[in-house]
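The working numbering numbers the first residue of the sequence shown as 150 and each following residue consecutively.
Cβ atoms here follow ideal geometry from the backbone N, Cα and C, with glycine treated the same way.
To start, the structure itself, in structure tokens.
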Amino acid sequence: MSSKSIYVAGHNGMVGAAIVKRLVSQGGVNLIVREKAELDLLDQTAVRSFFVDSKIDEVYLAAARVGGIHANNSYPADFIYQNLTIQGNVIEAAHRSGVQKMLFLGSSCIYPRDADQPMSEAALLSGCLEQTNEPYAIAKIAGIKMCESYNRQHGRDYRCVMPTNLYGENDNFHPENSHVIPGMMRRFHEAKLQGADSVAVWGSGKPRREFLHVDDLAAACVYLMHLPEAQLASVTQPRCSHINIGTGQDCSIAELAETMARVVGFKGALGFDTSKPDGTPRKLLDVQRLAKLGWQSQIGLDEGLTRTYQWMLAHEHELRGAA
150 MSSKSIYVAG HNGMVGAAIV KRLVSQGGVN LIVREKAELD LLDQTAVRSF
200 FVDSKIDEVY LAAARVGGIH ANNSYPADFI YQNLTIQGNV IEAAHRSGVQ
250 KMLFLGSSCI YPRDADQPMS EAALLSGCLE QTNEPYAIAK IAGIKMCESY
300 NRQHGRDYRC VMPTNLYGEN DNFHPENSHV IPGMMRRFHE AKLQGADSVA
350 VWGSGKPRRE FLHVDDLAAA CVYLMHLPEA QLASVTQPRC SHINIGTGQD
400 CSIAELAETM ARVVGFKGAL GFDTSKPDGT PRKLLDVQRL AKLGWQSQIG
450 LDEGLTRTYQ WMLAHEHELR GAA
């Protein structure tokens with residue numbers, strides 16, 4: 150029996166790398182990846198030729214232009230153009246070459262700024278988006294609607310998942326441009342090395358956030374990709390087909406900081422810089438659809454942070470060079 154040929158777009162990113170690791174561990178696949186120098190996903194002609202030549206069975210679309218608040222605010226045109234173009238090129242080329250199954254990865258920022266908590270899939274397009282990442286969110290929403298449209302018009306099986314806040318191996322630990330967990334981890338680690346008496350955490354510490362280890366996300370993606378269409382259809386609708394992936398639990402930023410200090414081994418005091426913005430009071434995904442499909446997260450925050458810190462230590466020299 151021949152193995153499936155599976156293309157992972159964005160295999161060098163945190164999410165794509167975790168999906169590759171998961172697929173390899175399960176075996177029975179012919180994994181296809183391309184470096185950016187080999188295949189520019191912004192080049193429509195190149196993408197179409199790649200799909201025609203590669204004879205792909207399934208696609209995991211994890212390639213995207215991503216970044217934090219500063220990057221989203223500074224380069225909104227880049228974020229909306231590049232994400233729309235990448236996903237448009239890949240989805241259309243996959244369809245043209247006869248690829249029946251695809252998994253598109255979005256983001257929880259697709260939901261309205263003031264959506265009820267926890268945020269259910271039905272909240273999509275029910276209100277205004279957060280302005281700081283609106284271009285990125287619009288592109289991701291378009292990706293969902295592209296997949297739904299190809300399913301409706303062409304009978305494809307293109308599935309969409311919306312992860313909560315992610316962290317883990319291969320994350321971005323840049324001191325200024327990283328997300329909350331890698332940024333906090335690096336600050337606590339450097340404070341420990343310097344023997345600092347205290348670390349200041351941005352904001353009041355009161356906002357609540359949900360965090361999912363990227364290996365859990367990869368496990369959920371592969372699990373959902375393997376489910377029969379009829380089983381997915383039992384919890385989705387043709388125009389609301391995406392599935393949230395999260396833990397179903399959140400914690401305050403203060404609680405996160407306390408856990409981080411314990412994992413890193415920082416013994417000093419924790420302070421809170423209330424001159425910095427808190428952002429949205431709470432962001433938690435409703436994961437009832439996912440639970441009904443038989444999957445739940447396995448990696449707790451303590452374990453996930455410990456694994457991430459060990460990876461950061463193993464790559465500390467590279468990270469310092471990148472800063």
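* Asked: Given that a residue counts as buried once 16 or more other Cβ atoms are within 10 Å of its Cβ, and exposed if not, what is Cys258?
  -> Counting Cβ neighbours within 10 Å, Cys258 comes out buried, since at least 16 surround it.
Which stretch, first to last residue, makes up the alpha helix (DSSP H) that contains Pro331? 329-343
- prompt: Of all the alpha helix (DSSP H) runs that stay within the bounds of the stretch 370-396, which reach a length of 4 or more residues?
  reply: 378-382
Any idea what DSSP makes of Gln302, helix, strand or coil?
The answer is helix: DSSP assigns Gln302 an H, G or I state.
- Does the beta carbon of Gln445 sit closer than 8 Å to a beta carbon anywhere in chain D? Here there is only one protein chain, and chain D is not present.
Exercise. The ligand MG heavy atoms versus the CB of Tyr299: any closer than 7 Å?
Worked result: As for the ligand MG, it is missing from this structure, which has no ligand bound.
### Task
Please name the residue, chosen from Gly428, Leu439, His362, that lies closest to Glu279 on a Cα-to-Cα basis.
Gly428
Can you tell me the Cα-Cα spacing of Trp351 and Ala403, whole angstroms? 10 Å
Coarse secondary structure for Gly237, derived from DSSP in three states
helix
* Using alpha carbons as the reference points, say which of Ser390, Cys400, Asp365, Arg335 lies closest to Tyr458. => Arg335
>> Once DSSP output is grouped into helix, strand and coil, what is the label at Gly159?
In response: coil
What would DSSP say about Lys170, mapped onto helix, strand or coil? helix
**Item:** Span of the alpha helix (DSSP H), counted from its first residue to its last, around Lys250
**Value:** First-last for Lys250: 250-254, but that is the beta strand (DSSP E), not the alpha helix (DSSP H).
Exercise for review: Could you check which residue in Asp435, His362, Val436 has the C-alpha nearest to that of Thr455?
Suggested key: His362
#### Entry: Leu419: first and last residue of the uninterrupted beta strand (DSSP E) it sits in
418-422
In terms of alpha-carbon separation, which member of Ser203, Cys296, Asn232 lies closest to Gly216?
-> Asn232
Using the Cα positions of Arg305 and Leu462, report the straight-line distance between them to the nearest angstrom.
-> Looking at the two C-alpha atoms, the distance is approximately 43 Å.
**Prompt:** When the distance is taken between beta carbons, is Gly255 closer than 8 Å to Lys294?
**Reply:** No, the pair does not count as a contact, with Cβ atoms beyond the cut-off.
Under three-state DSSP, which class holds Arg316? Arg is not the amino acid found at residue 316; the sequence shown has Tyr there. The answer is strand: DSSP assigns Tyr316 an E or B state.
So, are the CB atoms of Glu241 and Ser390 less than 8 Å apart? no
What did DSSP end up calling His277 once you bin it into helix, strand or coil? Correcting the residue type first, residue 277 is Cys in the shown sequence and not His. If DSSP states are grouped into helix, strand and coil, Cys277 belongs with coil.
With DSSP as the reference, identify every bridge partner of Phe200, one or two as the case may be. DSSP output for Phe200 lists no bridge partner at all.
Next on the checklist: For the alpha helix (DSSP H) containing Ala219, name the first residue and the last one.
Outcome noted: Residue identity check: residue 219 is His in the sequence provided, not Ala. First-last of the alpha helix (DSSP H) with His219: 218-223.
Item to check | Outcome for His375 when other beta-carbon atoms lying within 10 angstroms are tallied against a minimum of 16 | outcome: exposed
| query | Which residues in the same chain as Phe253 place their Cβ atom closer than 6 Å to its Cβ, once the five residues preceding and following it in sequence are excluded? | reply | Leu210, Gly292, Cys296, Cys309
Taking the straight line between their C-alpha atoms, what separation do you get for Met311 and Asn393? 5 Å
Checklist line | Three-state class that DSSP yields for Trp444 in the structure shown | finding: coil
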